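K.L.:
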Amino acid sequence: MKEIIYEDQDIIVCLKAPGVPVQSDLSNDKDLASMLDEYMRKKGLEKPYIGLVHRLDRPVGGLVVFGKTPQATAHLSKQLQARTFKKTYLAVVKGTPEDQTLVHFLKKKFKGNVSSVVDQETPKAKRAVMHIKRLKTMTIDDEIYSLISIELETGRHHQIRVQLSHIGHPIWGDTKYHPDFMTKKGWFQIALFSNEVTFVHPKKKSKMTHKASPSDYPFNL
Numbered sequence: 011m012k013e014i015i016y017e018d019q020d021i022i023v024c025l026k027a028p029g030v031p032v033q034s035d036l037s038n039d040k041d042l043a044s045m046l047d048e049y050m051r052k053k054g055l056e057k058p059y060i061g062l063v064h065r066l067d068r069p070v071g072g073l074v075v076f077g078k079t080p081q082a083t084a085h086l087s088k089q090l091q092a093r094t095f096k097k098t099y100l101a102v103v104k105g106t107p108e109d110q111t112l113v114h115f116l117k118k119k120f121k122g123n124v125s126s127v128v129d130q131e132t133p134k135a136k137r138a139v140m141h142i143k144r145l146k147t148m149t150i151d152d153e154i155y156s157l158i159s160i161e162l163e164t165g166r167h168h169q170i171r172v173q174l175s176h177i178g179h180p181i182w183g184d185t186k187y188h189p190d191f192m193t194k195k196g197w198f199q200i201a202l203f204s205n206e207v208t209f210v211h212p213k214k215k216s217k218m219t220h221k222a223s224p225s226d227y228p229f230n231l
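Be aware that the sequence shown starts at 11, since it is given in this note's numbering, and climbs by one per residue.
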């Protein structure tokens, strides 16, 4: 359910499995923060500190960074707010998108837990920015899909999924935003993965980059 990528006295970088919540939710399913708490208690810590810095949607797998002290967590959170904490994703999307920067305004709808692209003047609309780059193309069930790299500038609710769907390149397996999968029966693993994080270590002050690669279908095509 988890894999430790890097750990020291201040931070821990781990690989979250798809379907696992980052923190506790209404489902009461085992979450990543609780798993790390148990892991650290087994190492002899009586009261581990697990500081949440950023999140991943529950269906999405990949790298997540936690602080092990309040000071480290605050330092990483400030980097996130200043947009110096870089997060890169891989996704398999329908069609062949051009390399581009996407800028939209999004609004979350609590009914159905979805977001949508809205006009800038819409109340509570939030600006969303990300950069995409096409890496290769492939054929899935006689449809053309592309593997793309995504770098986020902002972190809005379902941002990647909403923006890609809005421009006509929804993510394979996305049952909320891909029209083909919204009507299909059965369970599908969304082809979205957090593959790289770059930030400045809160104590060492050196830049760190951690990477991971997805191996599940359709990334393995």
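The beta-carbon is built from N, C-alpha and C at its ideal position, and this holds for glycine as well. Quantities reported herein were computed from a predicted structural model and do not represent experimental measurements.
Among Lys215, Gln110, His168 and Thr147, whose alpha-carbon lies nearest the alpha-carbon of Phe120?
P.N.:
His168
K.L.:
Taking Phe115 as the reference, give the member of Arg137, Gly105 and Ser87 with the closest Cα.
P.N.:
It is Arg137.
K.L.:
Can we say the segment 161-180 touches the segment 140-152, given the rule of at least three CB pairs closer than 8 Å?
P.N.:
yes
K.L.:
Does DSSP put His168 in a helix, a strand or coil?
P.N.:
coil
K.L.:
Is the segment 95-111 close to the segment 37-45, with three or more CB pairs under 8 Å?
P.N.:
The segment 37-45 and the segment 95-111 do not touch, with fewer than three beta-carbon pairs separated by less than 8 Å.
K.L.:
For the alpha helix (DSSP H) holding Phe191, just list the boundary residues, first then last.
P.N.:
Pro189 to Met192
K.L.:
So, helix, strand or coil for Thr106, using DSSP?
P.N.:
coil
K.L.:
Less than 7 Å between C-beta atoms, sequence neighbours within five positions excluded: which residues of the same chain meet that for Phe198?
P.N.:
Gly183, Thr185 and Phe191
K.L.:
Are the segment 120-136 and the segment 57-75 touching by the rule of at least three beta carbon pairs closer than 8 Å?
P.N.:
no
K.L.:
Pull up the distance between the alpha-carbon of Ala82 and that of Asp39, whole angstroms please.
P.N.:
27 Å
K.L.:
If Ala201 and Pro228 are in contact, beta carbons under 8 Å, what's the gap, nearest whole angstrom?
P.N.:
6 Å
K.L.:
Starting from Leu86 and walking both ways along the alpha helix (DSSP H), at which residues does that stretch end?
P.N.:
Pro80 to Ala92
K.L.:
Could you tell me the boundaries of the alpha helix (DSSP H) in which Ser225 lies?
P.N.:
No alpha helix (DSSP H) contains Ser225, which DSSP labels as neither H nor E.
K.L.:
Between which two residues does the alpha helix (DSSP H) harbouring Glu48 extend?
P.N.:
Leu42 to Lys52
K.L.:
Run through the DSSP bridge pairs and tell me what Thr111 is partnered with.
P.N.:
His141
K.L.:
If you run the structure through DSSP and keep just helix, strand and coil, what is Leu100?
P.N.:
strand
K.L.:
Which same chain residues end up closer than 7 Å to Arg93 when comparing Cβ atoms and leaving out the 5 residues on each side of it in sequence?
P.N.:
Glu163
K.L.:
Mind the definition here: the segment 83-90 touches the segment 27-34 only if three or more C-beta pairs lie below 8 Å; say whether that holds.
P.N.:
no
K.L.:
I need the straight-line Cα distance from Ala222 to Lys117, nearest angstrom please.
P.N.:
31 Å
K.L.:
Are the CB atoms of Leu112 and Ile177 within a distance shorter than 8 Å?
P.N.:
yes
K.L.:
Out of Pro69, Ile22 and Lys12, state which residue places its alpha-carbon closest to the alpha-carbon of Phe203.
P.N.:
Pro69
K.L.:
Can you look up Leu157 in the DSSP assignment and give me helix, strand or coil?
P.N.:
strand
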